[in-house]
Every structure is written in structure tokens, then in C-alpha cells.
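Below is one structure; the comments refer to it alone.
2 protein chains.
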Amino acid sequence: MSGPAGPRLDDVFAHVDANRASFVERLAGWVRVPSVSATGQGMPEAAGHARDLVAAAGLEATVAETAGWPLVLGHRPGPPGSPTVLIYGHYDVQPPDPLDAWTSPPFEPEVRDGRLYGRGGADNKGQHLAQLLAIESLLATRGELPCTVKVLLDGEEEIGSPHLAGFARRERERLAADLVVWSDGPVDPAGGWRLVFGVRGIASFELRARGANRSLHSGNWGGVVPNPLWTLVHLLATMRDRDGRITVEGFGDEVEPLGAAERAALELLPVDLEAVKADLGLEELDAPAGRGFAERLAAWPTLTINGLHGGYGGQGTQTVLPSEAVAKCDVRLVHAQRAADVYDKLEAHVRRHAPGVELVRQGSMEPSRTPMGSAFTAPIRAGMAAAQGADPLLVPVLGGSLPLHVFTGVLGLPTFGIPLGNPDQANHAPNENLDLERFHTGIRTAAAVLAHLGASKLPFMGPASSGTMAG
Amino acid sequence: MSGPAGPRLDDVFAHVDANRASFVERLAGWVRVPSVSATGQGMPEAAGHARDLVAAAGLEATVAETAGWPLVLGHRPGPPGSPTVLIYGHYDVQPPDPLDAWTSPPFEPEVRDGRLYGRGGADNKGQHLAQLLAIESLLATRGELPCTVKVLLDGEEEIGSPHLAGFARRERERLAADLVVWSDGPVDPAGGWRLVFGVRGIASFELRARGANRSLHSGNWGGVVPNPLWTLVHLLATMRDRDGRITVEGFGDEVEPLGAAERAALELLPVDLEAVKADLGLEELDAPAGRGFAERLAAWPTLTINGLHGGYGGQGTQTVLPSEAVAKCDVRLVHAQRAADVYDKLEAHVRRHAPGVELVRQGSMEPSRTPMGSAFTAPIRAGMAAAQGADPLLVPVLGGSLPLHVFTGVLGLPTFGIPLGNPDQANHAPNENLDLERFHTGIRTAAAVLAHLGASKLPFMGPASSGTMAG
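Quick note, the sequences are listed as chains A and B, same order. For the first sequence, our numbering gives the first residue as 1, with consecutive numbering after it. For the second sequence, our numbering gives the first residue as 472, with consecutive numbering after it.
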């Protein structure tokens with residue numbers, strides 16, 4: 001925690017408050033630029049717009065080409081001896097379909113009841129823009145930043161960031177920093193702000209089973225010709241038990257249990273199981289009662305069947321014995337599992353239990369964990385508390401996946417997540433929206449976090465942090 | 472077997488041979504009349520056409536209304552003291568979709584390479600027409616029939632014959648007979664003619680599983696919110712093991728094993744497992760090697776998943792936790808299981824293993840078995856041998872299902888099936904076709920079977936058989 005003598009922030013907060021309306025205008029202008037990485041809609045123009053936003057915040061800005069959609073980089077040195085903060089966000093958005101489910105068009109942002117509706121408003125334009133506007137506000141009031149700031153805006157996050165790790169390996173020098181700060185996703189479901197230290201990884205795959213070379217009559221062939229749906233049912237039943245434990249041989253060998261600090265933090269997370277059940281229309285959850293809920297999402301790998309399809313699916317009956325069936329699955333990985341190793345174990349399991357079934361690897365992200373005891377935790381918490389009026393919840397690991405392993409794994413940097421979206425932000429869905437009160441507090445928070453990091457007397461990486469990112 | 476002094480048939484066979492071309496014309500005319508019970512296409516006109524065909528064969532013909540599509544009845548008394556044969560067939564056909572997969576339009580029959588192509592040519596118009604043309608040929612050459620003949624043409628066989636059992640219960644007198652002869656489906660895959668004594672039954676059902684009230688993100692909810700696909704996978708895995716044994720409690724209690732005669736007959740059926748595997752593109756079959764194949768289809772109940780659908784099924788990945796999933800299944804029943812009892816056991820099993828899953832009953836037929844030792848077996852075999860030049864294969868039970876329990880169960884009559892379709896008849900599929908050589912031999916066979924039944928000195932039902940079916 002910062003002591004009573006934390007850095008002065010009233011002038012910066014006053015600037016943010018005074019510019020509230022124009023900052024919302026800036027957000028609306030950014031949401032108005034389509035940037036759908038999956039389809040390419042608007043992407044080149046969006047990269048230019050992102051570069052202009054970074055430049056307008058007062059940073060040296062560059063568009064860096066990759067084999068996919070470009071990255072946008074920013075850099076502004078702070079005082080000598082200050083730490084270097086790398087801000088990570090993404091300017092691409094999810095496809096807006098189905099269009100007719102939107103109350104206002106996805107790329108024509110509209111403010112209703114204190115929220116801005118539009119694709120990308122919450123995921124992730126409003127969140128990295130809040131950080132850029134914090135930088136702009138710090139510069140407007142102080143003329144300089146409290147620490148060195150670098151910005152990295154991904155153009156392919158929504159399609160799995162396929163070129164991010166390669167870029168980081170090639171450009172270690174340009175990305176050299178002491179820590180990474182990112183804002184993505186929602187605050188706690190109960191409304192409290194969160195500081196996030198890690199994410200689960202993911203390994204997606206398809207299981208393809210085949211039977212005869214054509215669909216057959218179940219009366220003439222059922223019981224003598226292999227049924228690919230039965231094959232998948234029996235195979236899947238060997239992969240995960242009814243209690244959710246993954247039963248693939250050797251699957252959990254690399255899992256490193258949570259530490260005492262992580263377990264203690266999970267205990268403090270508010271979980272209202274009755275409210276969750278009421279919201280989802282469920283009488284029972286799969287998790288054990290009470291605290292197991294948060295622990296399960298943070299510390300356990302999971303195997304989800306995302307889809308399973310084969311045979312007749314229309315009205316009434318059809319006495320068919322299908323010829324093929326496909327299951328789509330994802331495994332959520334926890335520290336220190338590695339996707340390639342997990343895929344190998346899954347493949348060995350499938351070969352042993354259903355040798356005719358094909359496993360197709362479909363993309364993965366490694367898990368990422370930053371120790372909660374990092375030296376940067378205290379100033380970041382203090383900054384959040386200064387802007388938000390309360391200490392944040394500490395989340396050791398989020399259930400979902402982000403490409404943070406690029407930073408913790410490839411670059412060796414601790415990462416700190418400060419999600420500012422409202423819990424009902426409708427990410428990836430129609431009517432995505434951002435609560436503008438949270439956007440406003442998010443700008444204050446980002447400024448306060450940079451101020452507290454700058455004021456902290458922490459080890460920093462030294463001369464390399466003053467190198468330029470341009471080039 | 473008939474002795475060397477079987478009834479004279481050369482004059483009847485000569486008549487059939489002489490009229491070969493005009494009989495094919497008659498078949499083409501019948502196929503040209505659409506009669507799709509599922510959609511209603513052409514049904515009222517088809518019932519009238521069927522009545523005219525029965526009358527043209529020399530029988531008193533009636534259309535009998537039901538709560539669904541009408542039945543068509545025929546009757547002509549034979550000599551006093553002769554048995555009464557009830558011929559069962561159906562004039563409705565499967566929907567012809569997909570239309571663009573037909574080489575010639577489904578209701579514009581065309582003869583190519585000795586086969587007539589058109590919907591219903593094999594299933595079932597060509598098969599019951601062969602029997603009607605046999606009656607016509609017997610009358611043309613003899614002036615009278617060798618036994619009393621009744622005809623019952625179903626208009627709802629392709630939709631499960633929902634009104635047939637009720638009609639039989641109400642009209643026992645009109646349907647009074649000594650035995651039932653039916654022709655449907657194909658000869659043995661290897662080409663041999665078959666005499667069929669029974670069929671498996673069927674009970675179709677849907678399993679509906681529900682999770683949350685909406686699809687969720689697998690990272691945020693996987694492992695804590697129930698996944699309806701996992702629910703179905705684990706439920707189904709408790710219902711049938713990898714070897715095909717149904718593991719629903721009490722499921723096999725009512726199964727009566729095949730008798731010695733049935734087992735001996737199964738041993739004689741030709742099964743070329745290598746040819747089956749090559750045709751279906753399979754390296755392995757589910758059945759144990761050798762004779763187990765035929766036995767499995769005749770004597771074992773089976774549980775087939777006809778379709779299973781839930782969650783994402785498109786290209787690539789979607790990290791979704793689905794909210795609902797549905798499995799469509801059919802159970803094939805064997806003697807002396809009853810569908811209602813099997814449904815009860817399935818429901819009890821589902822309640823025990825997955826209480827949230829809903830089981831929806833979707834229609835059933837009881838199994839049917841006629842003892843191979845029936846007194847009518849010998850004259851029918853002899854008639855078939857006289858027309859076909861070889862003793863038929865004896866099939867105790869077919870794998871598929873037909874509403875024969877109406878006769879064996881409701882009316883207490885033995886049933887005898889003489890399928891005359893070619894093995895590649897494409898029933899229920901585009902380019903359905905009937906080999907005209909088999910059609911021709913089928914007419915000769917039907918005539919010879921009636922002649923041999925008339926010549927046999929067997930117990931018959933007496934005065935009731937002379938009652939009229941009209942009214």
C-alpha cells in the first residue's frame with residue numbers, strides 16, 4: 001500500500017474530470033472505425049487511426065508490419081531512473097454479427113443510460129484509450145510522464161495473436177520494459193475493481209470420428225457397423241469424469257499448485273453462488289460449494305466440449321446410423337502446463353482409446369502467471385486505491401485466456417491487469433457496451449497507477465528502457 | 472418341402488411370361504401416381520388407384536377410411552376348405568427428396584438396364600403389385616383362386632402405421648385369416664431369395680439436456696456451469712458399453728432367446744464379412760467375427776444414436792459452453808420385449824443417472840416373431856422353390872422393423888415375408904429401383920405360393936374366412 005504521502009494527483013484528476021465529455025467523444029470516434037481482424041473489415045485504416053491516437057496522447061507512434069495485421073507501437077521516455085511500463089491492448093474487434101440483434105448499429109456508437117454502445121467500445125478500444133487519455137492528462141498537467149511508457153496495440157488478439165510471440169522474440173529491445181499493464185475484460189461480477197496477475201491458457205482441438213463411407217439404416221446395420229457418435233461418446237467419457245476431473249493420462253503432471261498468497265486472495269473474492277444460479281437459471285453448479293467456485297476457475301484445468309455434431313438433427317425421427325461425427329473442445333491450461341505437451345498427451349490418449357479418431361490441433365495460448373508478491377504490486381494497488389477509493393480485489397488467475405505468456409514467458413516481464421469493463425459489457429455479443437462512469441474512473445486509475453509506479457523506489461531495468469521503439 | 476406331386480403351375484407361369492411387358496407397364500402406371508404419406512402428396516388419388524388395381528386383379532375392392540390415410544382392402548373367396556391368406560403391403564411411399572439427386576424424376580418411371588427407376592417401385596408398389604398380378608394370372612388361367620385371398624394395403628407404413636393396430640382391433644372379422652404373406656425389402660445381400668419369419672421392433676426417443684439459460688464463455692464458466700454435452704456424453708456412456716451391450720437396468724429381462732431352429736437357420740445365412748467391409752469402407756465391424764453378424768441383427772437389441780447435436784458446429788473454433796444439447800436414438804427390440812416397458816426402463820435409467828435430462832418418446836413398433844415350425848412354412852417354401860428353382864434362405868428375424876405385430880400380436884396370425892427387391896434397390900433414397908427380373912419372378916412366386924397353400928391339407932379357420940371384407 002502507498003503510505004499517506006503518495007504522489008499528488010488532484011490536478012490530474014481535475015483535468016480528467018474537466019474533459020469528461022470530450023474524452024467520450026474521442027471514444028465514440030474510435031469505435032466508429034471498424035477493425036474486424038477475422039474478416040479484415042477496416043483494418044489498415046484502423047491501424048492508422050490507432051497510431052494517430054497514440055501520437056495524440058503525446059507518444060512517438062509507429063505502425064509495425066507483421067505477417068498478419070500490423071501492430072501499433074508508442075514510446076515516451078520518463079525521468080531517468082524511473083521504471084518502464086509497457087501498456088498492452090488490442091485495436092481489433094470481434095465480428096459484429098448478428099447485425100439485426102443490435103439496438104443501434106455496431107459501428108455507429110450511441111450513448112444510452114450512461115453507456116456507450118458499439119462494437120469494440122469495451123473490448124478493447126475503451127480500455128486502452130483510457131490508458132492513452134491518462135498519459136495525455138498527465139502530460140497536460142505536468143509536461144512529463146512519471147515513468148517511461150511504451151505502448152503495444154495488437155491487431156490480432158481476437159484471432160489468437162498468431163504473430164505476437166514471434167514479434168516479441170525478434171524485437172526484444174524495442175519492447176524492453178520492467179512490467180506490463182493491460183486493461184481488458186470486466187471488473188468483478190459484484191462490481192469491485194480487480195488487479196489480475198494471470199490467465200489460464202487454452203488448447204483447442206477437434207475430434208473427428210468416421211464410420212462407414214455412407215449413412216446407413218439403423219435397423220439393417222445398427223450393432224454391427226461402428227457408429228462414430230458412439231465412438232466419440234465412449235472416447236470423451238474416458239477423458240473427463242462426471243466431477244470435472246480430466247482423466248487423460250499424465251494430464252495434470254505439470255500443474256503447479258497455487259501458492260499461499262494466491263489461495264488467500266481467492267478466499268477473499270466475493271462469490272454469490274445463489275445470485276449466479278439465479279442469473280443463469282440453474283439449480284446446481286458443477287463446482288463444489290463455496291470457495292471452490294473461484295479456485296476451480298483459477299487453479300484447475302478444464303475440458304469443455306464446445307460443440308458435438310453428427311447424424312440427424314431435424315424434426316421427428318430418422319433411423320440413420322451416421323457416417324461421421326465431430327466434437328470441438330477446448331482445454332483451459334494452468335501454470336505450468338504447456339500447450340504442445342498437453343496436445344501430445346491428448347493424442348496419445350486418443351490413440352490408445354479410439355485409434356480411428358483424428359485429433360486436429362486448432363490453436364493455443366500458454367497460461368501466464370505473475371507472482372502476487374512482485375515488487376510492482378504495492379504501487380499499482382496504491383494507485384488503484386487512490387483513483388477508485390477502495391483497495392482492489394486481487395485475482396491470481398482469470399478463467400479466460402489472453403496472450404500474456406508472450407510477456408511473462410518470452411520477455412520475462414510481470415503483467416498486471418486492470419479490467420475496467422462493466423460485468424454486463426456483452427463482449428463478443430450484440431450490444432457490446434461500456435459504462436462511461438467506469439471509463440472515466442479507468443482514466444483516473446491509469447494515471448494514478450503510472451504516478452505511483454514513478455514515485456516508487458523500485459529496481460528498474462536501466463539504460464535499455466530509454467531506447468526508442470521507432471524504426 | 473412339397474413332394475414331387477406339387478400343384479401344376481406351368482399354365483400360370485406361361486401366362487406370367489406372356490404378359491411380362493404389359494405387367495411392367497402396369498407397374499410404371501402405379502409408380503407414376505405419387506403417394507407421399509408424410510406430405511400428403513397424391514394420397515387420396517393413390518388410394519383410388521390402389522382400389523382399382525385390386526379390383527382389376529379380380530377381387531372385391533374397398534377403400535376403408537381411418538383417422539389418417541385410408542386403407543385399401545380386397546377379398547375373393549377360394550374353394551371351401553382352403554386356407555385364407557391375408558396379403559399385406561403399403562401404397563404410400565417415402566418423400567422423394569433430394570429431387571436433384573435423381574437421374575430420372577421420381578414419379579416419371581424409366582426403365583434402364585433391366586430396372587425400373589422411380590419412387591415406390593421397390594418400396595412397396597412393385598412388391599404388392601406382383602402379388603396382385605399373380606392373383607390375376609391364376610384367375611386368367613384357372614377361373615378361380617386356390618385359396619381365399621384378402622388384401623390389406625396400408626397408406627401409412629412410411630410414417631409408422633399409426634392407425635393400423637386400431638383398425639385391426641375394430642375389424643377382426645374383416646381381417647380374419649389363417650396367415651399373412653407380405654413382400655417388402657430386398658432379397659439376401661448375396662442374391663438369394665429369403666423367407667422371413669419376424670422383424671425387430673423399434674422405440675425411438677430423444678434425450679434433451681439443458682445447462683444455463685444461455686451460451687456462456689468456456690473460459691469464464693467451464694468447469695463450474697453444467698455442460699449439457701458432457702451430461703449427454705456421461706449419460707449415454709452408462710446406457711451402452713463399447714461392445715454394444717445395452718447396460719440399462721433390466722433392459723434385457725424380457726428377451727426370449729432364439730430357438731434351435733432359428734439358430735440353425737442363422738448359421739446357414741451367407742455372410743461375406745470381407746465384402747461387407749470393402750463395400751462400406753471399414754477395416755473393422757462391431758460384431759464378433761463370423762456368424763455373430765447375422766445373429767446380432769436378429770437376436771440382439773441395439774441402441775443407435777441417430778444424431779447428437781449441441782454447441783458450435785462451424786469452421787474453426789468458438790470457446791462456447793453450450794446451453795442445450797439433443798441426442799436422437801432408436802432402440803431395436805427383439806421378441807418378447809414391449810416398447811412401453813422399454814421406454815419405462817429407459818426413463819428410470821435417465822432419472823437415476825441424469826435427472827435433469829428429458830426423455831421424449833417418439834414412436835415405436837413392437838417386434839414380431841412367427842415360429843419357423845409353423846404348418847404353413849412347408850407349402851410356402853415349396854411354392855418359392857417351384858417358382859425360383861431353389862429353396863429360399865430362412866430368416867428368423869430381420870434387423871429392421873415392420874408393423875407385423877399387428878398381425879402376430881393383435882390378430883394372432885403367423886406372418887411370412889417374401890422380399891423381392893434387389894439388394895441395391897435404394898429404398899428411401901434417390902434412384903430407388905426394382906430389378907424387373909426379380910419383379911417377374913416375384914409374380915411367379917406369389918402365384919406358386921398361393922397354389923401350394925391351396926393344395927396343402929392344413930387346418931384352416933373355417934366359415935369366418937368366407938365373410939366379405941366390403942362394408
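For each residue, glycine too, the CB sits at the ideal point set by N, CA and C.
Would residue i and residue j be called neighbours here (beta carbons separated by less than 8 angstroms)?
i        : j        : result
Leu616/B : Arg547/B : yes
Pro403/A : Met365/A : yes
Leu610/B : Gly529/B : yes
Ser689/B : Val813/B : no
Gln94/A  : Ser183/A : no
Thr773/B : Gly715/B : yes
Gly313/A : Gly682/B : no
Gly121/A : Val31/A  : yes
Pro793/B : Asn684/B : no
Ala535/B : Leu544/B : yes
Comparing the C-beta of residue i with each C-beta of chain B, is any distance below 8 angstroms?
i        : result
Thr317/A : yes
Ser364/A : no
Gly400/A : yes
Phe293/A : yes
In this structure, how does DSSP classify residue i when only helix, strand and coil are distinguished?
i        : result
Glu157/A : helix
Phe205/A : strand
Thr848/B : helix
Val276/A : helix
Met239/A : coil
Gln598/B : helix
Asn904/B : strand
Glu136/A : helix
Lys345/A : helix
Leu666/B : strand
Ala917/B : helix
Asp286/A : coil
Ala661/B : coil
Arg491/B : helix
His452/A : helix
Arg685/B : coil
Phe887/B : strand
Gln859/B : helix
If you drop the 5 nearest sequence neighbours on each side, which residues of the same chain put their C-beta closer than 6 angstroms to that of residue i?
i        : result
Asp435/A : Arg115, Asn422
His49/A  : Val33
Ser137/A : Val12, His15, Val16, Ala447
Thr84/A  : Thr148, Ala177, Asp178, Ser465
Glu108/A : none
Ile558/B : Gln602, Val622, Val652
Pro270/A : Ala190
Keeping to the same chain, check which residues put their C-beta closer than 7 angstroms to that of residue i; ignore five residues upstream and five downstream.
i        : result
Val719/B : Met710, Lys816, Leu817, His820
Leu603/B : Leu524, Val525, Ala528
Val360/A : Phe205, Glu206, Arg208
Met843/B : Phe668, Ala732, Glu733, Ala736, Leu865, Pro867
Ser82/A  : Pro146, Cys147, Thr148, Gly454, Phe460
Against chain A, with Cβ distances strictly below 8 angstroms, would residue i count as a contact?
i        : result
Glu755/B : yes
Lys596/B : no
Ser566/B : Before going on, a small fix: residue 566/B reads as Pro here, not Ser. It does not: the Cβ of Pro566/B has no partner Cβ on chain A nearer than 8 angstroms.
Thr886/B : no
Asp895/B : no
Ile606/B : no
Asp801/B : yes
Could you check how far apart the C-beta atoms of residue i and residue j are, in whole angstroms? I think they sit under 8 angstroms.
i        : j        : result
Trp102/A : Gln388/A : Actually they are not in contact, since the Cβ atoms of Trp102/A and Gln388/A sit about 31 angstroms apart, beyond 8 angstroms.
Leu498/B : Phe910/B : 7 angstroms
Trp230/A : Ile776/B : 6 angstroms
Ile202/A : Asp330/A : 6 angstroms
Val434/B : Gly669/B : Residue 434/B falls outside the range modelled here, since chain B spans only 472 to 942, and no answer is possible.
Val696/B : Asp154/A : Actually they do not touch by this definition, with Cβ atoms about 29 angstroms apart.
Pro455/A : Gly6/A   : The displayed chain sequence assigns Ala, not Pro, to residue 455/A. The Cβ separation is near 7 angstroms, so the contact holds.
Tell me which same chain residues have a C-beta within less than 8 angstroms of the C-beta of residue i, skipping the five on either side of it?
i        : result
Val187/A : Trp193, Arg194, Pro419, Leu420, Gly421, Asn422, Pro423, Arg438
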